[in-house]
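Asks:
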Amino acid sequence: MFVNYLLSKNPKATLCQVNNPVANVYFYARIPKKVEAFTSSQTCDVIIIRKTLPKEIENLSLKEYKIITFKAQKDPSKTYFIFYRNFK
């Protein structure tokens with residue numbers, strides 16, 4: 650999974666979530682504990698967003714984040730957006 654790749658590049662990356670990712674995301678990304686919900690006051694290196702992209706999150710792509718989308722054709726609840734910062 651792409652999140653696992655990002656975390657392997659920077660094991661100290663701050664991970665946040667929006668709309669409660671399902672258990673499979675935790676399993677495939679090898680995330681051992683629950684990820685805290687994103688708030689605008691946080692600095693997150695990777696943000697996992699499930700289902701839909703909230704308006705307050707959309708402008709993050711302008712703030713040095715890149716975005717990748719994994720879109721499910723049959724079940725929109727399985728669509729994910731991953732916002733991430735470049736790791737050096």
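Per our numbering, the sequence shown runs over residues 650 to 737.
We put the CB at the ideal spot given by N, CA and C, even for glycine.
Going by C-alpha to C-alpha distance, which of Ser-657, Ala-662, Ala-686 and Thr-701 sits closest to Cys-677?
Replies: Here the question's residue 677 lines up with position 28 in the sequence shown. In the sequence on display, residue 677 carries Tyr and not Cys. Looking at the Cα atoms, Ser-657 is the closest of the given residues.
Asks: Which same chain residues end up closer than 7 Å to Phe-730 when comparing Cβ atoms and leaving out the 5 residues on each side of it in sequence?
Replies: For the purposes of this step, residue 730 is identified with residue 81 of the sequence shown, where counting begins at 1. If we look at Phe-730 and ignore the five residues flanking it on each side, its Cβ neighbours are Ile-698, Leu-702, Ile-716 and Thr-718.
Asks: Provide the residue span of the beta strand (DSSP E) that contains Lys-715, from first to last.
Replies: Position 66 of the sequence shown holds residue 715. Where Lys-715 is concerned, the enclosing beta strand (DSSP E) stretches over 714-719.
Asks: Which residue from Asn-659, Leu-709, Val-684 and Val-667 puts its Cα closest to that of Thr-728?
Replies: Along the sequence shown, read from residue 1 onward, the residue named residue 728 stands at position 79. Of the listed residues, the one whose Cα sits closest to Thr-728 is Val-667.
Asks: What does the Cβ neighbour count give for Arg-734, buried or exposed, with the cut at 16 atoms within 10 Å?
Replies: The sequence position of residue 734 within the sequence shown is 85, counting from 1. Its Cβ being crowded by 16 or more others within 10 Å, Arg-734 is buried.
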